[in-house]
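These protein sequence lines are chains A and B, in that order.
Numbering-wise (this note's numbering), the first sequence opens with residue 1 and increments by one.
Numbering-wise (this note's numbering), the second sequence opens with residue 1 and increments by one.
Think of the CB as a built atom: it goes at the ideal place given N, C-alpha and C, for glycine as much as any other residue.
Inspection log for the structure reproduced underneath, given as structure tokens.
Number of protein chains: 2
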Amino acid sequence: MTDKRHLTKTQQRNRGLIREAALEIFSQYGFRGATLDQIAEASGLSKPNLLYYFPSKEAIHEELLGGLLDLWLAPLRELNDEGDALAELLDYVSRKLQMSREHPRESRLFANEILQGAPRMGGTLDTDLKALVDDKAAIIRHWVEQGRIAPVDPYHLIFSIWALTQHYADFDVQVRAVLDGADPYPGAEAYLHDLFLRLLSPRG
Amino acid sequence: MTDKRHLTKTQQRNRGLIREAALEIFSQYGFRGATLDQIAEASGLSKPNLLYYFPSKEAIHEELLGGLLDLWLAPLRELNDEGDALAELLDYVSRKLQMSREHPRESRLFANEILQGAPRMGGTLDTDLKALVDDKAAIIRHWVEQGRIAPVDPYHLIFSIWALTQHYADFDVQVRAVLDGADPYPGAEAYLHDLFLRLLSPRG
DNA sequence: GTCTATACCTCGATAGAC
DNA sequence: GTCTATCGAGGTATAGAC
């Protein structure tokens, strides 16, 4: 039996190659659009060898999805109720945008999954995701009540941060078509900082 | 030869049934994830009968994509350079959000296509889309220069409107998981109106 | 651990009766 | 115009030699 705590060098290396290749292919073609041939090609391993390390195509996909929600929610998890309210939220936006820039494939893999109704993410959306968002929304509501930020709906605020940051990864081809291929991130950083600063600055 | 201008009642009806069913299935599963069996089932026609009306699976998909970009850009096209700047933009946001609410399947079909690199949309992004956005961005830049709205990057403003409105259709399952299944649109309408009002109101 | 060969199935598309 | 039956390609997974 292979024990996760006692993997040989080869095993670690090949499982890593497969994960990397699978991320590349699944994020571009979706689960059903991707084929084991493509993943084999991209990883440099043979197709039967893929199925030596993972029992099925589905298992490879699950391996990727497993850690994805955690990675995805990490920036939100860092939101600190004891920090400066406005700075905390602006930092969150910045971290989330950086996540899109550094992990566009993970963003697209996630988007593919959600777009199709999250058939392979099970109940993690209703449990883990919802619990964290409820927790952070309560913090934001508190900040509003204390007048530390302008009044906003905490849930729609969080949705808007997700939407605005992930858009640059998920709709990359559209963005670059409009911008003639230019890197959108410097402009996005400035625009989003400005947007949320104006939205959230307490007035009067 | 079938001439589009002389379709029988049956032809019109069945082609309509196929389009409706294909939209339902393609938007949920993507092009490769969808099967003709599913579309046949959903349309109430037999699989060979689908291929009597359309030469291939790809042709059905193209039929849907064909009009999609136009439908998609219609709200932006209405942006009128002679109207009141702030009201024009807020109305655009509202129209675009309504499009998400009324056409979530079209939104997801489009998102599926863009997410995977728009392999079947040809050059329409680089030509039609870019031309329209450049045109409207020039109008917005003009409004900024005249001081009729606060200074913003016109391109990122348009991206942000797309991202924020489409998010509610494309990431519906995630939004509803967080909101316990509640309808997000009333809250979204208020939040987005508020957001863009604060962002764009000229100050000083 | 890794390969070649292949079993087996799903799916798009066609043949041909009605 | 619509059906049943079926072909053939492509895809997941397995067998078995090395």
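Item                                                                                                                                        : Value
Straight-line Cα distance separating glutamate 88 (chain B) from isoleucine 114 (chain A)                                                   : 32 angstroms
Chain A within 8 angstroms of tyrosine 185 (chain B), Cβ atoms only                                                                         : no
8 angstroms Cβ cutoff met for glycine 187 (chain B) and histidine 142 (chain A)                                                             : no
Secondary structure of glycine 99 (chain B), DSSP reduced to three states                                                                   : Sequence inspection shows methionine at residue 99 (chain B); the glycine mentioned does not correspond to that position. Of the three classes helix, strand and coil, the one that applies to methionine 99 (chain B) here is helix, per DSSP.
Own chain partners of serine 46 (chain B) with C-beta closer than 8 angstroms, once the 5 adjacent residues on each side are dropped        : Ala40
Closer than 8 angstroms to chain A by CB, arginine 13 (chain B)                                                                             : no
Spatial distance of glutamate 62 (chain A) from serine 43 (chain A) (CA atoms)                                                              : 18 angstroms
Whole-angstrom C-beta distance between leucine 179 (chain B) and threonine 124 (chain B), which should lie under 8 angstroms                : Contact flag wrong, Cβ pair sits at about 35 angstroms.
Sub-8 angstroms separation of leucine 197 (chain B) and leucine 97 (chain B) beta-carbons                                                   : no
Test: tyrosine 155 (chain A) CB closer than 8 angstroms to a CB of chain B                                                                  : yes
Amino acids of chain A, ordered along the chain, whose beta-carbon sits closer than 7 angstroms to that of lysine 130 (chain B)             : Ala177 and Val178
The stretch 24 to 33 of chain B contacting the stretch 26 to 36 of chain A, beta-carbon criterion three pairs below 8 angstroms             : yes
C-beta contact flag for valine 173 (chain A) and glycine 66 (chain B) at 8 angstroms                                                        : no
Threonine 10 (chain A) in three-state terms, based on DSSP                                                                                  : helix
Short CB-CB distance (under 8 angstroms) between arginine 95 (chain A) and chain B                                                          : no
Distance CB(leucine 199 (chain B))-CB(leucine 195 (chain A)) smaller than 8 angstroms                                                       : yes
Listed by chain order, chain A residues near arginine 141 (chain B) by CB distance under 9 angstroms                                        : Within 9 angstroms Cβ-Cβ: nothing; arginine 141 (chain B) doesn't reach chain A, min ~14 angstroms.
Span of the alpha helix (DSSP H), counted from its first residue to its last, around serine 160 (chain B)                                   : 154 to 170
C-alpha distance - serine 27 (chain A) paired with glutamate 106 (chain A), whole-angstrom precision                                        : 7 angstroms
Contained alpha helix (DSSP H) runs [length at least 4] in the stretch 39 to 74 of chain A, N- to C-terminal order                          : 47 to 53
Selected residue, minimal CA-CA separation from alanine 131 (chain B), among B:Gln166, B:Leu73 and B:Met121                                 : B:Leu73
Within-8 angstroms CB hit, glutamine 116 (chain B) to chain A                                                                               : yes
Interface partners of phenylalanine 171 (chain B) on chain A, CB under 9 angstroms                                                          : Ala111, Ile114, Leu115, Phe159, Trp162, Ala163 and Gln166
Nonlocal neighbours in the same chain, by C-beta distance under 6 angstroms from arginine 148 (chain A), ignoring five residues either side : Ala85
Coarse secondary structure for isoleucine 149 (chain B), derived from DSSP in three states                                                  : coil
Residues near leucine 164 (chain A) by beta carbon distance below 7 angstroms, same chain, minus five either side                           : Leu192
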